[in-house]
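Novice: Each residue of the sequence shown is one higher than the last, beginning at 1 in the UniProt record's numbering.
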Amino acid sequence: MTTANDKKYELTLDKTKQILFAKAFGSFGPADADDFVRDYTTILKPINAKEYELQFDCKELKVSGKDTKSGVDMTNMLRGCLEMYKKEGFKNIIFDCTKNIVLKMQLQRLCKEAGLSTATVK
Numbered sequence: 001m002t003t004a005n006d007k008k009y010e011l012t013l014d015k016t017k018q019i020l021f022a023k024a025f026g027s028f029g030p031a032d033a034d035d036f037v038r039d040y041t042t043i044l045k046p047i048n049a050k051e052y053e054l055q056f057d058c059k060e061l062k063v064s065g066k067d068t069k070s071g072v073d074m075t076n077m078l079r080g081c082l083e084m085y086k087k088e089g090f091k092n093i094i095f096d097c098t099k100n101i102v103l104k105m106q107l108q109r110l111c112k113e114a115g116l117s118t119a120t121v122k
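(1) Could you please give the first and the last residue of the uninterrupted alpha helix (DSSP H) stretch that includes F90?
(2) Note the first and the last residue of the continuous alpha helix (DSSP H) segment covering K112.
(3) Along the chain, where does the alpha helix (DSSP H) that runs through D35 open and close?
(4) Hey, could you find the ends of the beta strand (DSSP E) residue 127 is sitting in?
(5) Exposed or buried, what is A31 when buried is set at 16 or more other beta-carbons lying within 10 Å of its beta-carbon?
(6) Here's a check: name, in chain order, each residue in its chain whose Cβ is nearer than 7 Å to the Cβ of E83, leaving out the five neighbours to either side.
(7) Between which two residues does the beta strand (DSSP E) containing D14 stretch?
(8) Excluding sequence positions up to five away, which residues of its chain have a Cβ less than 6 Å from the Cβ of M1?
(9) If you reduce the DSSP assignment to three classes, tell me which class K69 lands in.
(10) Where does K8 land, buried or exposed, given buried means 16+ other C-beta within 10 angstroms?
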């Protein structure tokens, strides 16, 4: 199952390799985050996440901060997503932030705050 469209993310579930591939790019606003969570929940519904790895390509994702249009702090939404990944219980989570040092530091801090010990941020 794949979710790819005009949105700021892509989700691809590989049932053979037992990997959920996710990719996010640009800056997320509240509507983007809501769409992502909805599609993520739909794609994850038929599987047991504890048997899967989550590989997240963040190379083109911008650092989360306050959304300029709505004023919403997107850092809290990102933290909420990390807590959601923790609750799902993926056997392994990899965030690839290659060449995006500031995002890497932000994700490392938020993973720690969310208690997401199965995550690797590279």
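Beta carbons are placed, not taken as given, at the ideal position from N, Cα and C, and that holds for glycine.
Note that the structure is a prediction, hence the values are computed from the model and not measured.
Specialist: On the basis of the supplied data:
(1) It is not in any alpha helix (DSSP H) - F90 carries neither H nor E in the DSSP assignment.
(2) I101 to A114
(3) P30 to L44
(4) An answer regarding residue 127 cannot be provided, because it is not within the stretch 1 to 122 covered by the chain.
(5) exposed
(6) A114
(7) Y9 to D14
(8) Here M1 scores only 46 on pLDDT, less than 50, and its place in the model should not be relied on; the value that follows carries that caveat. If we look at M1 and ignore the five residues flanking it on each side, its Cβ neighbours are L13 and I43.
(9) coil
(10) buried
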